[in-house]
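4 protein chains.
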Amino acid sequence: MTVLDPGLIQDHNHRLLRHVASDYEHLGEQLARRHIDIDAVRQKVAAFGVAIPSWGVGTGGTRFARFPGPGEPRNVFDKLQDCGVIWQLARATPGVSLHIPWDQCSDWPALRAVADGYGLGFDAINSNTFSDQPGQAHSYKFGSLSHTDAGTRAQAVAHNIECVAIGQRIGSKALTVWVGDGSNFPGQQHLRRAFERYLDSARQIYAALPDDWRMFVEHKICEPAFYGTVIQDWGSSYLAASALGPKAQCLVDLGHHAPNVNIEMIVARLIAAGKLAGFHFNDSKYGDDDLDAGSIAPYRLFLVFNELVAAAHEKLAFEPAYMLDQSHNVTDPIESLMTSAAQVQRSYAQALIVERSLLDAAQQANDALLASQTLKRGFETDVTPILQRVRLDAGGAIDPVAVYRASGYRQRVAKDRPASAGSGGGIV
Amino acid sequence: MTVLDPGLIQDHNHRLLRHVASDYEHLGEQLARRHIDIDAVRQKVAAFGVAIPSWGVGTGGTRFARFPGPGEPRNVFDKLQDCGVIWQLARATPGVSLHIPWDQCSDWPALRAVADGYGLGFDAINSNTFSDQPGQAHSYKFGSLSHTDAGTRAQAVAHNIECVAIGQRIGSKALTVWVGDGSNFPGQQHLRRAFERYLDSARQIYAALPDDWRMFVEHKICEPAFYGTVIQDWGSSYLAASALGPKAQCLVDLGHHAPNVNIEMIVARLIAAGKLAGFHFNDSKYGDDDLDAGSIAPYRLFLVFNELVAAAHEKLAFEPAYMLDQSHNVTDPIESLMTSAAQVQRSYAQALIVERSLLDAAQQANDALLASQTLKRGFETDVTPILQRVRLDAGGAIDPVAVYRASGYRQRVAKDRPASAGSGGGIV
Amino acid sequence: MTVLDPGLIQDHNHRLLRHVASDYEHLGEQLARRHIDIDAVRQKVAAFGVAIPSWGVGTGGTRFARFPGPGEPRNVFDKLQDCGVIWQLARATPGVSLHIPWDQCSDWPALRAVADGYGLGFDAINSNTFSDQPGQAHSYKFGSLSHTDAGTRAQAVAHNIECVAIGQRIGSKALTVWVGDGSNFPGQQHLRRAFERYLDSARQIYAALPDDWRMFVEHKICEPAFYGTVIQDWGSSYLAASALGPKAQCLVDLGHHAPNVNIEMIVARLIAAGKLAGFHFNDSKYGDDDLDAGSIAPYRLFLVFNELVAAAHEKLAFEPAYMLDQSHNVTDPIESLMTSAAQVQRSYAQALIVERSLLDAAQQANDALLASQTLKRGFETDVTPILQRVRLDAGGAIDPVAVYRASGYRQRVAKDRPASAGSGGGIV
Amino acid sequence: MTVLDPGLIQDHNHRLLRHVASDYEHLGEQLARRHIDIDAVRQKVAAFGVAIPSWGVGTGGTRFARFPGPGEPRNVFDKLQDCGVIWQLARATPGVSLHIPWDQCSDWPALRAVADGYGLGFDAINSNTFSDQPGQAHSYKFGSLSHTDAGTRAQAVAHNIECVAIGQRIGSKALTVWVGDGSNFPGQQHLRRAFERYLDSARQIYAALPDDWRMFVEHKICEPAFYGTVIQDWGSSYLAASALGPKAQCLVDLGHHAPNVNIEMIVARLIAAGKLAGFHFNDSKYGDDDLDAGSIAPYRLFLVFNELVAAAHEKLAFEPAYMLDQSHNVTDPIESLMTSAAQVQRSYAQALIVERSLLDAAQQANDALLASQTLKRGFETDVTPILQRVRLDAGGAIDPVAVYRASGYRQRVAKDRPASAGSGGGIV
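Order-wise, the sequence lines are chains A, C, L and U.
The letter at position 173 of the first sequence is residue 173 when you use full-length UniProt numbering, and the numbering goes up by one with no holes.
The letter at position 221 of the second sequence is residue 221 when you use full-length UniProt numbering, and the numbering goes up by one with no holes.
The letter at position 114 of the third sequence is residue 114 when you use full-length UniProt numbering, and the numbering goes up by one with no holes.
The letter at position 133 of the fourth sequence is residue 133 when you use full-length UniProt numbering, and the numbering goes up by one with no holes.
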């Protein structure tokens, strides 16, 4: 079951087929000169997938305002439908990552059936202890897993365990734990004790984890807490994941670091330590801007993938989870997600075509110029034809945004989905 | 008309009078050794005021959540009442700065009368073109004063002119213009044209300004736009204010700069250029955190005041406007505002007791160590007794937070003011 | 007169000719689909040049150490010879920018004749008042143009005027003024007075400028001064350039900004204000790292060129000066400079192939996704064939680094040029 | 044996005795109201010491220039003499930390005897593999402990082991290992392998460590490597120290972090993990500025000490090493070091007078305002009288800088110590 008419895709593709074939052929020749088999690269890219977070298909906002777009999804079924469109057109996003309670649902088997119908599976499940829900006994205003009050911590632990239970019903294999815990004033929180309480709570969640599950610990330098957070960087994330056990690993969100931090270095360290959980992809210029992946610093995204490809090349055992985690404030979320998924694929493909033997030799010889140029040649290569072929081969659209716009999908769903509540505001 | 019973204040003060007298006397002796007259300093501090933004008395939040406190003000009259409490207890905040449309009101004379009753006046008025209001013809999703659409720009201009009209009715003498205009993607906006459109719109507002008004141009490096903003730094702010004319000046919000930026240097430059409008005080560690003034980097706040006191000492003509602009997410806003106002006073008092002749001589001689120690001696001095005496002399509380807590004000108003809407959320 | 045997270049090129022709043809087809004429782009790139700073051909270092390479230039004639190699092979760097007193020379006509022989001209001349020279009357330890001592300022002014005189003898048309003036402690310097003294000195230099010269004011946020610098950002640079007059403009060094600053926005503002002097190209991750241009953030470099190409496209009158300004600590400077010049050309070429009408329309319609994708398509395109053809057509090397390595130039000059003094150190 | 005439100190103190007594008494009364015993605080401060790095008594510089002062120490004996002056006057710096090979010496027993004479001991010893020494077999241009070449790594290991041997002769109990290893280009270094090689080398050094020694692993985000360093942050430092064993711990230099990083949080984490080695104190605004401790952000320094005092208060077992590590570019190093040591003492004293029970209770109750005010009250208190009494009681100077200037020490040694070599330069 597809959301859009496959004929529409075929019609659009038809016009571009000739160019894709010619471009792919020429790129193949160029890569052959570098002793790289374009078809092998293409197959790896085709096997790659990045999950969509369910909340990503809604319009995001800032503390100043939210400007909703038309046809925003009303519930998790609408969200799945939007994910179905993205998957159908761009063929890069087979998984969906749910968020509880935002995606709370009264009939999980039905949801799973719908997902199956779209060809979608469920990725890691996300808990939410950074905002209060109506009727909640304890508030998270001053923390959740690290709260000074035992009752609040117990509530947060129970919520995470409930998320695991939900995840088991839909086929998830991992729980992502991000908390907003922290402080806004020096002195507000006893820094060591808050971390100890976090660990104590996290251990209870970990104990409830099924054998084949993983727990993803996500760090963030700031926001919503602005003086200090409890899991502020990969060091604290690593301390926590190590204290918890082998099923706990460290998740890297590209926007959760201090300015100037070398993210690919963190990736390298976590791979070496066997603690890399995976990624939340997005881009940023100033902080956790949650901009579209690769929109600001595409070379940085490539360098992250270079670490992943290098580790795979060296046969290291690791299995990162990939997810987009962006806030779409000024675009149609479906368009942004298709485009960002392709950007992630692009970085992966570029990393795959790096001439590893040349690079290794230059590194070993401390030939900094040759090494850097060898690495960068992968990035400078326009791998668009590979991405187009991957989509084409899988029944997707050569130009997903064009087909999406032509499909009138947004206008159609806007009829059923009423305009969402206003523009936020008042929070300054 | 005071909001709280003055007797409560007197009772509290009574217990502390002896200590204040003793501390003030000893500090006076210490300052006399530096040839500084404590009473002269006290009089200057007593004459200093910093405005409260009306939105500051509500609980703030982040894009992740808002955790409302009890007894939040429902409207501008409630806000004025809270400001009345702050003014009564801490005696540092004689002005209130309104925000339109948040403080829209059907009877401005009545509002002014109420303010008069509390002894409050009205500071700069703030327009809002960064969020949409119900029924608004044009959306600000893609900008306001710099929007590509002429109708949207006209709407934003008209709103600002309306703000001036409101301000005239309540006695304001300045319009603060901060826009959220900018872009989230490289390429989204034509950078030069957006600035030109901003200037064109701003000129229309400027033209509508009464003769005795000023227009405050406020810059911000990011948020809500995350790739670039139209008035991104003091350079662009200065270009704009210069293009507009002498009534336009540059407002400095302490949290609106790139990391590491030397804010006191900007203050020095704007003073020299005759373009310093004034300040939005708050503190920050990571970005526009809107933390309480001086809570993270009190020395930085002192250094800003050092520039102001130095300029006054040298008889430069300038008249900065002072306002707190903070987001109170985890404290009672009334407590934070009283405390922050005192922190601003503290910085001012510390700057006043710097031994200027010694400092000048050391600077002239490039005696970096002596100069820095001379400046810092002002900061290291505990001027608490001066602040206590200023409050005491004006009928305020020696310990405003203690009296406020004892007064039961919050609990009392909470009965009339229903809990405000939930915790935000869904915006990620 | 060429430094290297042209036959060597031809031999190398010969092997690659077929691939370049094929790649160029295919790229031409791709661009034609976008209605872009590859030959027109190539001609513009061929007409583009970026200057080499004379100090760039020596090995750089840090305050911790310098690790000299073999065959470092001993004097300005050696430097010119190295620049001749770069120019011969990479055909992108027709100008050399001298630095006084490092390039002091007893026979300027002879130097000019040598440069002519290599086909090189002289770009902006650079003064040095950030370090002391043997026998100098006044030290710059506490500043130069802004020093509190009038004698020191006069000495610095005289040095700049001498640089202009030298520049006139070799055909320069601009003076670049970068000073290390600033302070390491709050209070060390009177911030306003230091700026006033700077302006006063700069006015004297400006007054000595020939009619057809420009004065480039270069700002830098920090280093060597670490609390504050006198020309700390483009705002101060603009204030200074405006105070001086029309011949004074603002130079943008890509590494001289606070973290996260949007540099292309500054470029846009300076173009609009008619005050863009030009660029010092390099790259950075943490500060003024002086890494090779485009080695860390190639998209940022492209975005700068996008502003330049857009302004040219819109027929704005401006004539930026382009120079590389990098510290080559771990590479052969000749290799780095050839590679960086090509990287700058690459960014220019990528900006030239942006579909401006599409971009304008998307910007006007606030179609953020389409606008950003249109802009990025230019960047994602591999323009290598254009750069190769430009070099080839001008008699340069298709692969400059390979030819350079094959030439044995470095080993040859190392015989005449003794190893330079040790590894610095002791400065911590 | 003291360097300066004790009579000079007494004369100076004599004039200030009355004020110190009066100030101390009044502060004692103020603290008594907070139930704090000023004498107990004074005794703790008196027992506190911070080491001087031998290189700190020379004038520092930047890559642009070094401006030497008069009378710079020629060798380690001169350096000890300067440290003797600092210790005699300011009574806060009983230890000296040597750096090999800069402090290489042919007669260690003689050196130790001289130190004993001044009352000085030796703190951690520092190795240097970030610069090359004349005659060295292998260059560190491309790394030391992590170099790709086994011979270079072996040389670096051997040097560290030699440092341990030297340290044993003079009574050191710790080896501080900071390396400049890293890369300037993406791709230059294989990030994981470089770290593995580092660990392998470090294990060899660790194995040579005496039983009662510790090894301090020092991280740094950048410089001299500007793309990535091998021990880039506390996470990597912790990974390394954990891999090595219990004698290895993590050293925190206050200037070695990314912008905005919460350093006191790192301190809290390392204390909890039993891995806090100690500190290199300095201050910074932009990077590793090596400014005088507390000169830019005194509250940050206080917050670090708050973590230490809190941990001691809670009886945690840890024994941090304290050292100043600053670059004195514009001051007399002796003056800066005395002033900075007092600044460190000040922060310690301020942390000691924090009302811990009140703070704990406010933290437990999430009373953010009260907690932050309680903590800050410690900082706002002027503890100068305590510091003055500590110096006075130990025979030091109430005003060390004044006595030092009056002593004419610098002018005297300048006669014996010739002006040091020029101002560096040429490294850009």
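No residue lacks a Cβ here, since even glycine has one placed at the ideal position from N, Cα and C.
Roughly how many whole angstroms lie between the Cα atoms of residue i and residue j?
i: U/VAL230; j: A/ARG269; result: 10 Å
i: A/VAL401; j: A/ASN282; result: 19 Å
i: U/HIS190; j: U/ASN184; result: 12 Å
i: L/PRO385; j: L/LYS44; result: 14 Å
i: C/LEU301; j: C/VAL344; result: 8 Å
i: residue 500 of chain C; j: U/TYR322; result: The question about residue 500 of chain C has no answer, for chain C in this structure spans 1 to 428.
i: residue 430 of chain C; j: C/ARG112; result: Summary: the structure shown does not reach residue 430 of chain C, with chain C confined to residues 1 through 428, and so no result is reported for it.
i: C/PRO94; j: C/ALA47; result: 10 Å
i: A/ALA115; j: A/GLY121; result: 6 Å
i: L/ALA258; j: L/ALA277; result: 20 Å
i: U/ALA293; j: U/GLY49; result: 15 Å
i: L/SER195; j: L/SER146; result: A quick correction: the sequence has Phe, not Ser, at residue 195 of chain L. If I take the Cα positions, the gap works out to 7 Å.
i: L/ASP107; j: L/ASP123; result: 18 Å
Can you check which of these residues, the options, is closest to residue i by C-alpha distance?
i: L/MET265; options: L/LEU324, L/LEU308, L/ALA46, L/LEU8; result: L/LEU308
i: C/LYS285; options: C/VAL304, C/ASN260, C/PHE279, C/LEU276; result: C/ASN260
i: L/ALA240; options: L/ALA207, L/GLY255, L/ALA202; result: L/ALA202
i: A/GLY135; options: A/ALA368, A/TYR118, A/PRO101, A/ASN160; result: A/PRO101
i: A/ALA158; options: A/VAL390, A/PRO186, A/GLY180, A/TYR206; result: A/TYR206
i: A/GLU72; options: A/GLY28, A/LEU359, A/ALA365, A/HIS328; result: A/HIS328
i: residue 488 of chain L; options: L/GLY255, L/ALA113, L/TRP234; result: Any question about residue 488 of chain L goes unanswered here, given that chain L covers just 1 to 428.
i: A/SER372; options: L/SER295, L/ARG377, L/GLN411; result: L/SER295
i: C/ASP253; options: C/TYR227, C/LYS275, C/GLY228, C/LYS220; result: C/LYS220
i: U/GLY56; options: U/ASP200, U/TYR118, U/SER97; result: U/SER97
i: U/CYS105; options: U/ARG42, U/PHE67, U/ILE170, U/PHE130; result: U/ILE170
i: residue 462 of chain C; options: C/ALA51, C/SER172, C/ILE52, C/TYR24; result: Absent from the model: residue 462 of chain C. The displayed extent of chain C is 1 to 428, so no value can be given.
i: U/GLN30; options: C/ASP37, C/HIS35, C/HIS19, C/LYS315; result: C/HIS19
i: L/ALA273; options: L/GLN363, L/SER347, L/PHE318, L/LEU27; result: L/PHE318
In the DSSP assignment, what residue or residues form a beta bridge with residue i?
i: L/PHE122; result: L/VAL96
i: U/PHE279; result: U/VAL252, U/TYR322
i: C/SER106; result: Bridge partners of C/SER106: none, in fact.
i: U/ALA342; result: Beta-bridge pairing links U/ALA342 to no other residue.
i: A/ALA51; result: A/MET323
Along the chain, where does the beta strand (DSSP E) that runs through residue i open and close?
i: A/ASP253; result: 248-253
In terms of residues, what are the limits of the alpha helix (DSSP H) holding residue i?
i: A/VAL177; result: Here A/VAL177 belongs to no alpha helix (DSSP H); instead the beta strand (DSSP E) covers 174-177.
i: U/VAL217; result: It is not in any alpha helix (DSSP H) - U/VAL217 instead sits in the beta strand (DSSP E) that spans 214-218.
i: L/CYS83; result: 76-90
i: C/VAL413; result: 409-416
Could I get the ranges of all uninterrupted beta strand (DSSP E) runs contained in the stretch 143-192 of chain C, with 3 residues as the minimum, in chain order?
-> 174-177
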